[in-house]
Amino acid sequence: MEATDKLPFEDYLGKHDEQTWVKTLDLIHSDIHQIDRDATQIWFSFWPLKLAQLLDTEKNLENTFKKFQLDGNPQLREQVNESVKFLFGARFWVPVKKAVLAYSKENLDPKALRLEQHILKLSHQIGNQLNIETKLLVGIVAISLMILSQVGFASLKKVEDQLIDIESTDSPDKVLKSREVNRGLKSILGWKAKTHQVVFDEQNSGVFFEAADGQDLSMASNGDKRDFRSEDSRKVAGPIPAQCRSGACGYCWIGVLAGQKNLSKVTDFEKSRLEYFGYKNLENSAKEHPVIRLACQSKCYGKVSITVPPWNGVLNFES
Ligand code: FES
């Protein structure tokens, strides 16, 4: 967040606290296409306002990392494009960025609308321009406004034309179908599959590992011997970072995009650890199968699609 020369729209966004954003997400929940409903919740859990505020206000980053046990890269400004890659709406990311930047320049009296009205209005405008369903844009537009609020106009402008490397051109229906359990002949004959696919980048093919039935996701990730360390030094044992495998370290938090019910129910212990680390499930916290989990506490009983945040830490300083 830049301290000076803010546009009125940036000022307006900056006046919305975490709670208001969460309430706004509730209000637009049913306006978001099913394909990105959980993904939007996950993005807002991965990139809380309090993290951006912490990194913006603390002078000594090294101390901040120590104090909040941060590891990986928690700087949204450095990974604006990468942060949205797991959303279906990411394939519209360049026009969304352009429209948001233009909208924030034009909008001299943003207070005339509430935050959810701005999100829906912009989504509708971009939908008309691209000739696509508005619902496909609501999640990514809400995220783009939060990104604008956190990194500022100038930082978003810098990456305005940058595309995201996404291989899949599948329709939303096809992606939703591919998320369903597919056990082929074994399923037809009623046999229980012995292993399940854990997809960790559904925008690209072949990006999955196998989990044995009942195996926790962290141990299953350990079985994937490809090199992930060169992309993220925390990934020493497969694509999911892990240290303790007992709920103690907080390295293994993930977002579950699909197949939440194919994981074991969240236990009171896991809930208490998520709370300790400050990893918030923004939907109903009473849910047995939330979208934010600790991989080492989540046993796999069917196909799941997950996404891994680029940082971990202990951000429970508000509680
Ligand atoms: S690996 Fe430490 S909390 Fe899961």
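For the sequence shown, counting from 1, position 77 maps to 313 in this note's numbering; every step adds exactly one.
All C-beta atoms in this analysis are idealised placements derived from N, C-alpha and C, irrespective of residue type, glycine included.
Note that the structure is a prediction, hence the values are computed from the model and not measured.
Less than 6 angstroms between C-beta atoms, sequence neighbours within five positions excluded: which residues of the same chain meet that for residue i?
i	result
Ser404	Gln439
Glu519	Gln277
Ala494	Arg415 and Ser541
Ile424	Its pLDDT being 48, under 50, Ile424 is placed unreliably in this model, and the value from its coordinates should be taken loosely. Answer for Ile424: no residue qualifies.
Note the first and the last residue of the continuous alpha helix (DSSP H) segment covering residue i.
i	result
Phe280	Gln270 to Phe282
Arg509	Asp504 to Phe513
Arg415	Pro408 to Arg415
Lys321	Per DSSP, Lys321 belongs to no alpha helix (DSSP H) and is neither H nor E.
Asn440	That residue, Asn440, is in no alpha helix (DSSP H); it is neither H nor E in DSSP.
Phe301	Leu297 to Lys303
Gln289	Leu285 to Thr293
Ser454	Leu453 to Asn458
Determine the extent of the beta strand (DSSP E) in which residue i is found, giving its start and end residues.
i	result
Ile542	Val540 to Thr543
Leu493	Trp489 to Ala494
Ala448	Phe444 to Ala448
His252	Taken as a continuous stretch (DSSP letters only), His252 belongs to no beta strand (DSSP E), as it is neither H nor E.
Thr431	Thr431 to Val435
Ile528	Ile528 to Leu530
Use the C-beta contact count for residue i: other C-beta atoms within 10 angstroms, 16 or more gives buried, fewer gives exposed.
i	result
Gly442	exposed
Lys480	Correcting the residue identity first, residue 480 is Cys in this sequence and not Lys. Label assigned to Cys480: exposed.
Gln255	exposed
Gly420	Confidence at Gly420 is low in this model, with a pLDDT of 46, below 50, so the placement of that residue is unreliable and no value is reported for it.
Phe505	exposed
Asn343	buried
Lys516	buried
Lys556	Nothing in the structure corresponds to residue 556, since the chain is present only between 237 and 555.
Enumerate in chain order the residues of its own chain whose CB-to-CB distance from residue i is below 8 angstroms, with the five nearest sequence positions on each side excluded.
i	result
Thr300	Leu290, Leu291, Glu294 and Leu306
Arg465	Lys471 and Val472
Among residues of its own chain, excluding the 5 on either side of residue i, which ones have a beta-carbon nearer than 7 angstroms to its beta-carbon?
i	result
Leu249	Leu381, Leu384 and Ser385
Glu352	Thr260, Leu263 and Ile264
Ser557	Residue numbering for the chain in the displayed model covers 237 to 555; residue 557 lies beyond these limits and cannot be assessed.
request  = Please write down, chain order preserved, every residue whose beta carbon lies under 7 angstroms from a heavy atom of ligand 1.
outcome  = Ser454, Ala478, Gln479, Cys480, Arg481, Ser482, Gly483, Ala484, Cys485, Gly486, Tyr487, Cys488, Arg509, Leu530, Ala531, Cys532 and Gln533
message = So within the stretch 324-395, which uninterrupted beta strand (DSSP E) runs reach at least 3 residues, ignoring any that extend past its ends?
response = none
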